[in-house]
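Using full-length UniProt numbering, you'd call the opening residue of the sequence shown number 1 and step up by one each time.
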Amino acid sequence: MTTIHAMLQGKGGVGKSMGMSVLAQYKTDKGERPLCIDTDPVNATFAGFAALDVARVEIMEGDEINPRLFDRMVERACESASDVVIDNGASSFVPLAHYLISNEVPAMLKDMGHELVIHTMITGGQALLDTVSGFAQLASQFPAEAQFVVWLNPFFGPIEHEGRGFEQMKAYRDNKARVTALVQVPNFKAETHGHDFAQMLQARLTFAEALASPDWPLMTKQRLTLVRRRLWEQLDGARVL
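Following this line, the structure appears as structure tokens:
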């Protein structure tokens, strides 16, 4: 059985590629070799992580989405002997979601013995309500065969609205049965752990690469080790293997 992990979130710049790169590294660290795919036609951030061997899949012909190119991506995922990690950009979010739903891909994958796990990112700050609304729409539109993993990213601010955290919000309470796991991205101190993690991501390096590099100072490596440990603990709890 292959599990296909796909990031879907219509808001840009909220940490989608961070989430998928972390998931791919986690799986690799646990002895897997996931098939990694980047479908973002504008910002192929995930594909920039050379160590993850990410395949960039073109789904656009000119300014239009080509469904046949989606077909090939799904076929490739179904043929994979390992789990699949797909990062998708904000610009192709609507057509990809429509493609998966209108072609009843979640049910097809289940019939084939595979699983589709939709990952979505909730972030604090100005994008909070947009990302929460995006999750609610996905949960209401996708059929029961699709599972959901929700990432909570406090990088831009606390995930809280009118005194309520995400688990107290109506969007979550109404769709709680659809969510198999919440992944809480730790609220790293911006000047130290957060800065080092951001620098690593900006350089498109994996934890393994940064920790093995002579160019990174000792204490930076120590902080990155702690960041990785806390993220891995979250994914251990999410049971994404």
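We put the beta carbon where it would ideally sit given N, CA and C, even for glycine. Note that the structure is predicted; figures quoted are calculated from it, not measured.
Can residue 106 be considered in contact with the ligand COA, in the sense that its beta carbon sits closer than 7 Å to one or more heavy atoms? In the structure on display, the ligand COA does not appear, and there are no ligands present to speak of.
Would you mind reading off the limits of the alpha helix (DSSP H) that contains residue 174? What you label residue 174 is simply residue 174 of the sequence shown in a count that begins at 1. Residue range 170 to 175 is occupied by the alpha helix (DSSP H) that includes residue 174.
Please state whether DSSP places residue 121 in a helix, a strand or coil. Numbered from 1 along the sequence shown, position 121 holds the residue referred to as residue 121. In the three-state scheme derived from DSSP, where H, G and I count as helix and E and B as strand, residue 121 is classed as strand.
How far does the beta strand (DSSP E) with residue 85 in it extend, from its first residue to its last? Walking along the sequence shown from the start, residue 85 turns up at place 85. Counting along the chain, the beta strand (DSSP E) containing residue 85 begins and ends at 84 to 87.
Going by beta carbon distance, what residues of the same chain come within less than 7 Å of residue 19, once the five residues before and after it are set aside? Mapped onto the sequence shown, residue 19 falls at position 19. So the qualifying residues of the chain are 7, 119, 121 and 151.
Which partner residues of residue 146 appear in the DSSP bridge assignment? Locating residue 146 in the sequence shown gives position 146, counting from the first residue. For residue 146, the beta-bridge partners assigned by DSSP are 116.
Using C-beta distances below 7 Å, list every residue in its chain close to residue 132, excluding the 5 sequence neighbours before and after it, in chain order. Reading the sequence shown from its first residue, position 132 is the one you call residue 132. So the list reads 122, 169 and 171, once near-sequence residues are dropped.
Alpha carbon of residue 211 to alpha carbon of residue 102, nearest angstrom: Your numbering for residue 211 matches position 211 in the sequence shown. Your numbering for residue 102 matches position 102 in the sequence shown. Between residue 211 and residue 102, the C-alpha separation is close to 44 Å.
If I follow the unbroken alpha helix (DSSP H) through residue 109, where does it start and stop? Numbered from its first residue, the sequence shown carries residue 109 at position 109. Membership of residue 109 in the alpha helix (DSSP H) is indicated by the continuous run 105 to 111.
Using a Cβ-Cβ cut-off of 6 Å (strictly less than) and excluding sequence neighbours within five positions of residue 40, which residues of its own chain qualify? Taking the sequence shown and counting its residues from 1, one reaches residue 40 at position 40. Counting only Cβ-Cβ distances below 6 Å, and skipping sequence neighbours, we find 89.
Can you grab the Cα-Cα spacing for the pair residue 219 / residue 135, in whole Å? Along the sequence shown, read from residue 1 onward, the residue named residue 219 stands at position 219. Along the sequence shown, read from residue 1 onward, the residue named residue 135 stands at position 135. If you draw a straight line from the Cα of residue 219 to the Cα of residue 135, it is about 37 Å long.
Reduced DSSP secondary structure (H/G/I, E/B, other) of residue 18: Your numbering for residue 18 matches position 18 in the sequence shown. Residue 18 falls in the helix class under three-state DSSP.
Would residue 145 and residue 107 qualify as a contact pair, given that the criterion is a beta-carbon distance under 8 Å? Reading the sequence shown from its first residue, position 145 is the one you call residue 145. Reading the sequence shown from its first residue, position 107 is the one you call residue 107. Residue 145 is a Cβ neighbour of residue 107, given a cutoff of 8 Å.
Would you give the residue range spanned by the beta strand (DSSP E) that residue 236 belongs to? The sequence position of residue 236 within the sequence shown is 236, counting from 1. Following the DSSP letters along the chain, one finds residue 236 in no beta strand (DSSP E) but inside the alpha helix (DSSP H) bounded by residues 218 to 238.
Count the other CB atoms, across all protein chains shown, that sit within 10 Å of the CB of residue 149; report buried if there are 16 or more and exposed otherwise. Here residue 149 refers to the residue found at position 149 of the sequence shown. That one is buried.
When you compare each of 233, 173 and 79 to residue 4 by their alpha carbons, which one comes out closest? The residue labelled residue 4 in the question sits at position 4 within the sequence shown. Among 233, 173 and 79, the Cα nearest to that of residue 4 belongs to 79.
Note down, one range per segment and in chain order, each beta strand (DSSP E) of at least 3 residues found wholly within the segment 178 to 214. Restricted to the segment 178 to 214, the beta strand (DSSP E) segments that are unbroken, complete and at least 3 residues in length are 179 to 184, listed in chain order.
Just tell me which of 160, 201, 235 and 167 has its CA closest to the CA of residue 49. Mapped onto the sequence shown, residue 49 falls at position 49. Nearest in C-alpha terms to residue 49, of all of 160, 201, 235 and 167, is 201.
Go through its chain and collect everything with a Cβ distance to residue 186's Cβ below 6 Å, but skip five positions before and after it. Position 186 of the sequence shown, counted from the start, is the residue given in the question as residue 186. Closer than 6 Å at Cβ, skipping near neighbours: 230.
From the DSSP secondary-structure annotation, give me the bridge partner or partners of residue 4. Counted from its first residue, the sequence shown places residue 4 at position 4. 84 and 116.
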